[in-house]
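Asks:
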Amino acid sequence: SAVSEPRPTSSHTFTKNFELQTLSLKEALKNQLQMTKVKREELRDLNNRFDSEVSNRRKAEERVNDLQNKLSILQSKVKGLELQYEVELNEDIIEPGNQPKTRPDMSTIRKIHQFAVPEAPDTTEIPKRKINLDLNLNKLAVNNLAPPVVARSHVPSLSSPQKPGHKPKPKFRGL
């Protein structure tokens with residue numbers, strides 16, 4: 028006679044089903060852990076990329092800020108130069124109570140700076156060149172650019188009246 032296996036009881040079936048479910052859950056858990064590891068690696072890579080992009084962006088922003096600061100400095104320098112140029116151009120504006128300011132002609136400046144002290148004249152007559160220089164300087168004085176010039180060596184002093192019959196001392200003229 029055949030030995031028959033004992034008929035499974037309900038508790039035996041329950042245990043078998045429980046073991047099968049446990050194995051399938053363990054397998055699902057392993058798969059889930061594996062997928063979680065993969066996702067974590069992907070997130071780490073993304074975080075690393077994000078961090079590098081953030082640091083690159085910060086560096087770029089710092090560079091832009093630095094360039095903007097330099098640009099604003101240069102713009103302020105340009106504005107200052109423009110204002111200075113404008114002030115120099117507007118020096119001809121007439122202020123209340125003042126005569127207009129004008130710049131001397133370059134030919135006048137050349138004449139003034141080309142003047143050389145003449146040798147001692149034999150007469151008391153003022154040399155023509157000296158007269159022209161004095162006239163040019165007086166023209167500049169009228170335009171508020173130079174004090175009035177008078178050839179003092181040939182004109183008696185107005186501040187100290189001379190006594191009648193008093194001769195002025197001859198001034199020493201250097202070489």
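Counting along the sequence shown from 1, when you hit position 54 you're at 81 in our numbering, and nothing is skipped either side. Heads up, the beta-carbon is just placed ideally off N, CA and C, and yes, glycines get one too. Remember, predicted model here, so these are calculated numbers, not experimental data.
What residues in its chain sit with their C-beta under 6 Å from that of I158, if we drop five residues either side in the sequence?
Replies: Bear in mind that a pLDDT of 48 at I158, under 50, signals an unreliable position, so the model cannot answer this.
Asks: For Q102 and K64, what's the separation of their Cα atoms in angstroms?
Replies: One C-alpha to the other measures close to 55 Å.
Asks: Cα separation between L108 and E89?
Replies: L108 and E89: Cα-Cα distance of roughly 29 Å.
Asks: On the DSSP letters alone, give me the boundaries of the alpha helix (DSSP H) that E9 sits inside.
Replies: Given that the chain is displayed from residue 28 to residue 202, the structure contains no residue 9 and the question cannot be resolved.
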